[in-house]
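Number of protein chains: 2
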Amino acid sequence: MSEPIRIGLLGLGTVGQGLVRLLKHNRGEYVRRLGRPLIVTHAFARDLARKRDCDLTGIKVVNDPHFITREAPVDVVVELLGGLSPARELILEALARGKPVVTANKALLAEDGNTLFAAAKQKGVAIGFEASVAGGIPIIRVLREGLAGNRIEGLAGIINGTCNYILTQMAERGVDFSVALAEAQAQGFAEANPALDVDGIDAAHKLTILASLAFGIPLSYPGVATEGIREVTARDIQLARELGYRIKPLSIAKRSGGRIELRVHPTLVPEDHLLAKVDGILNSVIVQSDAVGQTGYYGKGAGGDATASAVVADLLEIARELGAHARFQAHPLGYDPAAVQPQPLLPMREVECAHYLRLRVADTPGVLKAITSILAELEISIEAILQKEPKGKEDAMVAIITSVVAEHRFATALEKLLVLKFVRPGSTHLRVEHFNGK
Amino acid sequence: MSEPIRIGLLGLGTVGQGLVRLLKHNRGEYVRRLGRPLIVTHAFARDLARKRDCDLTGIKVVNDPHFITREAPVDVVVELLGGLSPARELILEALARGKPVVTANKALLAEDGNTLFAAAKQKGVAIGFEASVAGGIPIIRVLREGLAGNRIEGLAGIINGTCNYILTQMAERGVDFSVALAEAQAQGFAEANPALDVDGIDAAHKLTILASLAFGIPLSYPGVATEGIREVTARDIQLARELGYRIKPLSIAKRSGGRIELRVHPTLVPEDHLLAKVDGILNSVIVQSDAVGQTGYYGKGAGGDATASAVVADLLEIARELGAHARFQAHPLGYDPAAVQPQPLLPMREVECAHYLRLRVADTPGVLKAITSILAELEISIEAILQKEPKGKEDAMVAIITSVVAEHRFATALEKLLVLKFVRPGSTHLRVEHFNGK
Numbered sequence: 001m002s003e004p005i006r007i008g009l010l011g012l013g014t015v016g017q018g019l020v021r022l023l024k025h026n027r028g029e030y031v032r033r034l035g036r037p038l039i040v041t042h043a044f045a046r047d048l049a050r051k052r053d054c055d056l057t058g059i060k061v062v063n064d065p066h067f068i069t070r071e072a073p074v075d076v077v078v079e080l081l082g083g084l085s086p087a088r089e090l091i092l093e094a095l096a097r098g099k100p101v102v103t104a105n106k107a108l109l110a111e112d113g114n115t116l117f118a119a120a121k122q123k124g125v126a127i128g129f130e131a132s133v134a135g136g137i138p139i140i141r142v143l144r145e146g147l148a149g150n151r152i153e154g155l156a157g158i159i160n161g162t163c164n165y166i167l168t169q170m171a172e173r174g175v176d177f178s179v180a181l182a183e184a185q186a187q188g189f190a191e192a193n194p195a196l197d198v199d200g201i202d203a204a205h206k207l208t209i210l211a212s213l214a215f216g217i218p219l220s221y222p223g224v225a226t227e228g229i230r231e232v233t234a235r236d237i238q239l240a241r242e243l244g245y246r247i248k249p250l251s252i253a254k255r256s257g258g259r260i261e262l263r264v265h266p267t268l269v270p271e272d273h274l275l276a277k278v279d280g281i282l283n284s285v286i287v288q289s290d291a292v293g294q295t296g297y298y299g300k301g302a303g304g305d306a307t308a309s310a311v312v313a314d315l316l317e318i319a320r321e322l323g324a325h326a327r328f329q330a331h332p333l334g335y336d337p338a339a340v341q342p343q344p345l346l347p348m349r350e351v352e353c354a355h356y357l358r359l360r361v362a363d364t365p366g367v368l369k370a371i372t373s374i375l376a377e378l379e380i381s382i383e384a385i386l387q388k389e390p391k392g393k394e395d396a397m398v399a400i401i402t403s404v405v406a407e408h409r410f411a412t413a414l415e416k417l418l419v420l421k422f423v424r425p426g427s428t429h430l431r432v433e434h435f436n437g438k
Numbered sequence: 439m440s441e442p443i444r445i446g447l448l449g450l451g452t453v454g455q456g457l458v459r460l461l462k463h464n465r466g467e468y469v470r471r472l473g474r475p476l477i478v479t480h481a482f483a484r485d486l487a488r489k490r491d492c493d494l495t496g497i498k499v500v501n502d503p504h505f506i507t508r509e510a511p512v513d514v515v516v517e518l519l520g521g522l523s524p525a526r527e528l529i530l531e532a533l534a535r536g537k538p539v540v541t542a543n544k545a546l547l548a549e550d551g552n553t554l555f556a557a558a559k560q561k562g563v564a565i566g567f568e569a570s571v572a573g574g575i576p577i578i579r580v581l582r583e584g585l586a587g588n589r590i591e592g593l594a595g596i597i598n599g600t601c602n603y604i605l606t607q608m609a610e611r612g613v614d615f616s617v618a619l620a621e622a623q624a625q626g627f628a629e630a631n632p633a634l635d636v637d638g639i640d641a642a643h644k645l646t647i648l649a650s651l652a653f654g655i656p657l658s659y660p661g662v663a664t665e666g667i668r669e670v671t672a673r674d675i676q677l678a679r680e681l682g683y684r685i686k687p688l689s690i691a692k693r694s695g696g697r698i699e700l701r702v703h704p705t706l707v708p709e710d711h712l713l714a715k716v717d718g719i720l721n722s723v724i725v726q727s728d729a730v731g732q733t734g735y736y737g738k739g740a741g742g743d744a745t746a747s748a749v750v751a752d753l754l755e756i757a758r759e760l761g762a763h764a765r766f767q768a769h770p771l772g773y774d775p776a777a778v779q780p781q782p783l784l785p786m787r788e789v790e791c792a793h794y795l796r797l798r799v800a801d802t803p804g805v806l807k808a809i810t811s812i813l814a815e816l817e818i819s820i821e822a823i824l825q826k827e828p829k830g831k832e833d834a835m836v837a838i839i840t841s842v843v844a845e846h847r848f849a850t851a852l853e854k855l856l857v858l859k860f861v862r863p864g865s866t867h868l869r870v871e872h873f874n875g876k
């Protein structure tokens with residue numbers, strides 16, 4: 001058997017410990033694949049004394065991360081610290097020294113991936129990031145290589161397990177957001193500070209990465225229109241269900257004419273679409289391509305072992321190509337870096353989609369007529385409508401699914417509707433996605 | 439822009455024409471990925487005069503296939519002839535001359551892939567076959583690389599679109615097999631001679647390939663236990679539905695102790711499982727792995743363009759690695775050829791699964807008692823039971839879902855049941871798959 005591949009590991013948290021366990025547990029399988037073992041020889045941990053759920057025998061654990069990137073005799077560096085700093089500096093340091101890097105850091109990639117990719121290219125070394133999106137699903141390789149024969153038209157995914165778990169709980173048990181969030185926190189499916197997840201930021205980071213792979217564009221995180229799930233109510237989930245939809249935390253990237261849409265928001269999905277059936281912490285991505293049409297992928301999005309296995313997929317590829325000239329390696333985004341050019345983004349106000357609108361109304365005659373007249377005036381058709389009598393303390397409701405309409409035109413309609421004298425505070429609206437070949 | 443990659447194409451049928459069209463249509467995308475164009479310079483067709491649905495300008499079309507493999511100045515050979523011969527000889531000829539090969543030929547791979555892989559290894563050239571299974575879904579790369587961090591425990595898939603289409607039609611419209619088959623043939627979803635599809639042979643070929651990738655074993659086509667869908671009736675589909683199942687044409691590969699199960703047969707799948715919702719000509723594969731658990735993949739399984747796009751995925755990878763030393767290339771099965779060792783197969787009689795059993799019975803007292811006694815005697819539990827009164831010309835029926843039981847034990851029970859005096863001819867049984875983590 002040949003020399004082992006020596007790994008320098010930055011971070012011994014959940015994923016880092018998962019990686020150490022997995023490398024030990026599946027050592028034989030990796031040797032069968034690679035012809036040589038993958039072993040962690042050095043690891044950085046902030047707190048050396050902390051008890052860890054993995055066997056650190058044979059690993060030199062240090063509390064200076066720069067020792068890993070500057071001095072340790074390793075073949076590849078794995079960054080599992082998360083966050084922007086010092087991960088950024090450490091990755092750049094490793095790349096500058098000609099060491100390939102594997103990272104799961106979606107925030108850093110989304111916000112500064114262009115710099116990292118340029119640094120990797122300059123030294124002709126690889127940077128792997130399969131673990132950064134939908135840990136258990138090899139969606140990076142699917143986009144970068146599996147579907148490379150296609151021009152990808154768009155993709156839509158459930159790529160934040162916390163949001164999907166919360167919305168699933170709300171749907172199954174009729175509880176409101178705050179209750180479902182508190183429970184998700186108690187069960188470890190949501191952080192104490194849940195903002196990164198429930199405000200859509202984590203999903204926007206991941207969408208940024210998927211869009212760059214799908215379209216061959218630089219990472220464009222500031223271009224993602226992002227809305228979280230805090231405003232979704234159990235009432236809306238129920239009404240959506242009566243209309244034949246589920247509410248899912250979708251991330252959407254689409255070509256639209258010569259421009260690109262990037263958006264993250266809770267979305268009504270037809271109940272018979274496969275995305276409507278992906279519940280709990282599961283992730284799923286569907287991709288629309290010119291030659292194969294729609295393909296779909298689902299699996300666990302997070303968890304130490306799932307994410308660690310994605311890190312290993314990168315390690316196996318990088319180890320195999322170690323020593324090969326850079327021109328033989330896959331480009332990080334699957335496109336020749338010279339061809340990775342920005343494309344104009346479609347401003348949110350020009351985005352076209354169907355909308356769900358729930359109006360809380362007084363129970364007086366003429367309500368429907370007034371609402372439908374305003375929509376008709378703006379040439380917005382009604383695809384479905386549901387009227388609910390007042391019940392107990394609850395006002396009467398009108399729930400509508402509109403035709404596909406530009407965001408600014410829907411906003412105009414909304415403005416006019418909300419000032420009608422019988423419309424009461426507490427109305428709401430959400431976007432709808434029908435996946436009909438776009 | 440660098441020199442183009444010159445492709446020698448064997449076969450100008452549906453997929454071949456799709457490939458020529460796609461290479462033209464997405465030329466710009468491929469140049470963005472590869473830095474150089476992919477062009478077909480030479481093609482072999484049996485009938486030069488036939489009209490084709492693609493632009494052959496610039497392609498030298500010949501009617502001697504050996505011209506492509508022996509003389510044409512091409513960088514890579516694409517084999518889209520199908521069938522065992524002359525595809526086998528042509529591929530070996532190309533490999534022997536150091537030309538990488540891309541093939542969609544599942545029958546040849548399943549039956550003689552070990553020879554092809556050995557020939558490719560001997561010359562240090564690549565052989566790509568993403569197009570051989572589930573054309574539109576990049577399942578080969580998923581198993582070979584995406585999930586390489588996992589030890590794969592098993593997989594189950596709908597990998598024959600014709601069978602899935604026929605069973606879907608039978609389910610949706612209550613028609614019997616022969617009617618659905620005739621319609622599928624009229625619509626071009628089934629061949630005039632449908633045996634390869636409906637008898638499960640095509641699926642067995644594909645399962646052979648998936649199993650080798652999943653477990654790192656040689657291609658073992660003779661080891662696949664294969665049953666087609668001809669015996670499935672609309673009645674069974676209806677009864678299965680009442681019991682909460684759909685009948686799907688599944689191909690299953692599983693580790694079972696130190697042995698491996700390989701089987702193709704119509705199977706009852708719980709209605710809430712994602713595989714139960716994959717209808718029509720769609721394909722889908724779910725994979726059970728140790729680190730990520732269950733992941734799933736779906737998309738179009740066939741069609742000229744979908745399959746052609748999988749060929750292009752291989753061409754892009756092979757073109758990128760052209761000139762690199764063989765040690766930097768991915769192994770065809772993802773495992774070091776030296777580590778690809780046969781594993782014992784589990785004989786069908788030892789396979790354990792749940793069963794669906796439909797007995798046609800006389801409408802006399804004591805029927806259920808006699809049936810349940812026989813099952814109890816053999817320690818086979820009943821998970822669900824459905825009794826149907828006689829209706830019109832139809833006898834009374836008893837439909838049962840058993841617990842998980844070894845095939846030979848179920849067969850013993852069946853023997854005893856079928857000789858009961860109130861059991862009439864026309865009873866049937868099918869296997870059931872519950873996907874509970876195995």
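Protein chains in written order, with this note's numbering: chain B, 1 to 438; chain W, 439 to 876. For each residue, glycine too, the CB sits at the ideal point set by N, CA and C.
* Starting from the beta carbon of residue 866(W), find every residue of chain B whose beta carbon is closer than 9 angstroms, and list them in chain order. => Stepping through the second sequence from its first residue, residue 866(W) is reached at position 428. Those do not exist, as residue 866(W) stays about 30 angstroms from chain B at its closest Cβ, beyond 9 angstroms.
* Reducing DSSP to helix, strand and coil, say where residue 729(W) ends up. => By 1-based counting over the second sequence, the position of residue 729(W) is 291. Residue 729(W) falls in the coil class under three-state DSSP.
* Nearest CA to the CA of residue 94(B): which residue from 107(B), 122(B) and 110(B)? -> In the first sequence, residue 94(B) corresponds to position 94, counting from 1. For residue 94(B), the closest of 107(B), 122(B) and 110(B) by C-alpha to C-alpha distance is 122(B).
* Measuring CA to CA, which of 864(W), 821(W), 717(W) and 869(W) is closest to residue 411(W)? -> The structure shown does not extend to residue 411(W), since chain W spans only 439 to 876, so no value can be given for it.
* Asked: To which residues does DSSP link residue 429(B) through a beta bridge?
  -> Within the first sequence, numbered from 1, the residue matching residue 429(B) stands at position 429. Answer by DSSP bridge pairing, in chain order: 357(B).
* Asked: Exposed or buried, what is residue 437(B) when buried is set at 16 or more other beta-carbons lying within 10 Å of its beta-carbon?
  -> Counting from 1 along the first sequence, the entry for residue 437(B) is found at position 437. Note that residue 437(B) scores 49 on pLDDT, short of 50, meaning its location in the model is unreliable; the coordinates nonetheless yield the value given after this. Exposed, by the Cβ-count rule.
* **Proximal residues to residue 206(B) (C-beta, below 6 angstroms), its chain only, five neighbours per side dropped** => Within the first sequence, numbered from 1, the residue matching residue 206(B) stands at position 206. Cβ within range, chain order: 106, 133 and 159.
* In the DSSP assignment, find the unbroken alpha helix (DSSP H) run with residue 234(B) in it and report its ends. => In the first sequence, the residue the question calls residue 234(B) occupies position 234. For residue 234(B), the uninterrupted alpha helix (DSSP H) run begins and ends at 234-242, by DSSP.
* Roughly how many angstroms separate the alpha carbons of residue 609(W) and residue 676(W), rounded to a whole number? -> Position 171 of the second sequence, counted from the start, is the residue given in the question as residue 609(W). Position 238 of the second sequence, counted from the start, is the residue given in the question as residue 676(W). Computed Cα separation, rounded: 7 angstroms.
* To do: Compare the C-alpha of residue 280(B) against each of 217(B), 227(B), 204(B) and 184(B) and name the closest.
  => Position 280 of the first sequence, counted from the start, is the residue given in the question as residue 280(B). Nearest C-alpha to residue 280(B): 184(B).
* **Distance between beta carbons of residue 535(W) and residue 336(B), contact taken as under 8 angstroms** => As a first step, residue 336(B) is located in the first sequence; it is residue number 336 there, counting from the start. As a first step, residue 535(W) is located in the second sequence; it is residue number 97 there, counting from the start. The pair is not a contact, with the Cβ atoms about 29 angstroms apart (cut-off 8 angstroms).
* **Cross-chain neighbours of residue 825(W) in chain B, by beta carbon under 9 angstroms** => If you number the second sequence from 1, residue 825(W) lands on position 387. Those do not exist, as residue 825(W) stays about 31 angstroms from chain B at its closest Cβ, beyond 9 angstroms.
* Asked: Counting only beta-carbon atoms, is residue 419(B) nearer than 8 angstroms to chain W?
  -> Walking along the first sequence from the start, residue 419(B) turns up at place 419. With 8 angstroms as the cut-off, residue 419(B) does not count as an interface residue toward chain W.
* Return no unless some Cβ of chain A is closer than 8 angstroms to the Cβ of residue 328(B). => Although the question refers to chain A, the structure presented lacks it and instead comprises the protein chains B and W.
* **Own chain partners of residue 143(B) with C-beta closer than 6 angstroms, once the 5 adjacent residues on each side are dropped** => As a position in the first sequence, residue 143(B) is number 143, starting the count at 1. 213 and 214, listed in sequence order.
* Note down, in chain order, every chain B residue with its Cβ under 9 angstroms from the Cβ of residue 464(W). => Numbered from its first residue, the second sequence carries residue 464(W) at position 26. Those within 9 angstroms of residue 464(W) in chain B are 149, 150, 151, 290 and 291.
* Establish whether the CB of residue 733(W) and some CB of chain B are separated by less than 8 angstroms. => The sequence position of residue 733(W) within the second sequence is 295, counting from 1. With a threshold of 8 angstroms between beta carbons, residue 733(W) makes contact with chain B.
* **Nearest residue (CA-CA) to residue 397(B), options 360(B), 51(B) and 415(B)** => For this step, residue 397(B) is matched to residue 397 along the first sequence. Among 360(B), 51(B) and 415(B), the Cα nearest to that of residue 397(B) belongs to 360(B).
* **DSSP beta-bridge partners of residue 5(B)** => In the first sequence, counting from the first residue as 1, residue 5(B) sits at position 5. In the DSSP output, where bridge partners are listed per residue, residue 5(B) has 38(B).
* Per DSSP, cross-strand counterpart(s) of residue 878(W) -> Here chain W has residues from 439 to 876 only, and residue 878(W) is not among them.
* If I'm right that residue 743(W) touches residue 456(W) with Cβ under 8 angstroms, what's the distance once you round it to whole angstroms? => Mapped onto the second sequence, residue 743(W) falls at position 305. Mapped onto the second sequence, residue 456(W) falls at position 18. About 5 angstroms separates the two Cβ atoms, so the contact holds.
* To do: Please state if the CB of residue 220(B) and the CB of residue 262(B) are separated by a distance shorter than 8 angstroms.
  => Numbered from its first residue, the first sequence carries residue 262(B) at position 262. Numbered from its first residue, the first sequence carries residue 220(B) at position 220. Between residue 262(B) and residue 220(B), the CB-CB gap stays under 8 angstroms.
* Find the residues of chain B that neighbour residue 460(W), judging by a C-beta separation of less than 7 angstroms, and give them in chain order. => Taking the second sequence and counting its residues from 1, one reaches residue 460(W) at position 22. Near residue 460(W) (Cβ distances below 7 angstroms), the residues of chain B are 149 and 291.
* **Cα-Cα separation between residue 245(B) and residue 269(B), rounded to whole angstroms** => Residue mapping note: residue 245(B) aligns to position 245 of the first sequence, counting from 1. Residue mapping note: residue 269(B) aligns to position 269 of the first sequence, counting from 1. Cα to Cα, residue 245(B) sits roughly 5 angstroms from residue 269(B).
* Asked: What did DSSP end up calling residue 438(B) once you bin it into helix, strand or coil?
  -> Position 438 of the first sequence, counted from the start, is the residue given in the question as residue 438(B). With a pLDDT of 40 at residue 438(B), under the threshold of 50, the modelled position of this residue cannot be trusted, and the question is left open.
* Give me whichever residues DSSP pairs with residue 692(W) in a beta bridge. => Here residue 692(W) corresponds to residue number 254 of the second sequence, with the count starting at 1. Looking at the DSSP assignment, residue 692(W) forms a beta bridge with 592(W) and 699(W).
* Is DSSP giving residue 268(B) helix, strand or coil here? -> Start at 1 with the first residue of the first sequence, and residue 268(B) comes out as number 268. In the structure shown, residue 268(B) sits in a strand (DSSP, three-state: E or B).
* Does the stretch 506-526 of chain W come close enough to the stretch 611-627 of chain W that 3 or more CB-CB pairs lie under 8 angstroms? -> Judged by pairs of C-beta atoms under 8 angstroms, the stretch 611-627 of chain W does not touch the stretch 506-526 of chain W, as fewer than three such pairs exist.
* **Three-state class that DSSP yields for residue 424(B) in the structure shown** => As a position in the first sequence, residue 424(B) is number 424, starting the count at 1. Strand.
* Checking contacts by CB at 8 angstroms: is residue 876(W) closer than that to chain B? -> Translated into positions along the second sequence, residue 876(W) becomes position 438. Bear in mind that a pLDDT of 40 at residue 876(W), under 50, signals an unreliable position, so the model cannot answer this.
* In chain W, what lies closer than 7 angstroms to residue 310(B) by C-beta? -> Taking the first residue of the first sequence as position 1, residue 310(B) is located at position 310. Near residue 310(B) (Cβ distances below 7 angstroms), the residues of chain W are 587.
* To do: Would you give the residue range spanned by the beta strand (DSSP E) that residue 498(W) belongs to?
  => The residue given as residue 498(W) occupies position 60 in the second sequence. From DSSP, the beta strand (DSSP E) with residue 498(W) extends over 498-500.
* **Cβ pair count under 8 angstroms reaching 3, the stretch 481-495 of chain W against the stretch 766-784 of chain W** => The stretch 481-495 of chain W vs the stretch 766-784 of chain W: no contact.
* Asked: Taking one C-beta from the stretch 411-424 of chain B and one from the stretch 220-232 of chain B each time, how about it: are there three or more such pairs within less than 8 angstroms?
  -> no
* **residue 286(B) beta carbon less than 8 angstroms from that of residue 354(B)** => On the first sequence, residue 354(B) is found 354 positions in, with the first residue counted as 1. On the first sequence, residue 286(B) is found 286 positions in, with the first residue counted as 1. Cβ atoms of residue 354(B) and residue 286(B): not closer than 8 angstroms.
* residue 542(W) in three-state terms, based on DSSP -> To locate residue 542(W), count along the second sequence from 1; it is residue 104. Looking at residue 542(W) - three-state DSSP - the assignment turns out to be coil, as it is neither helix nor strand.
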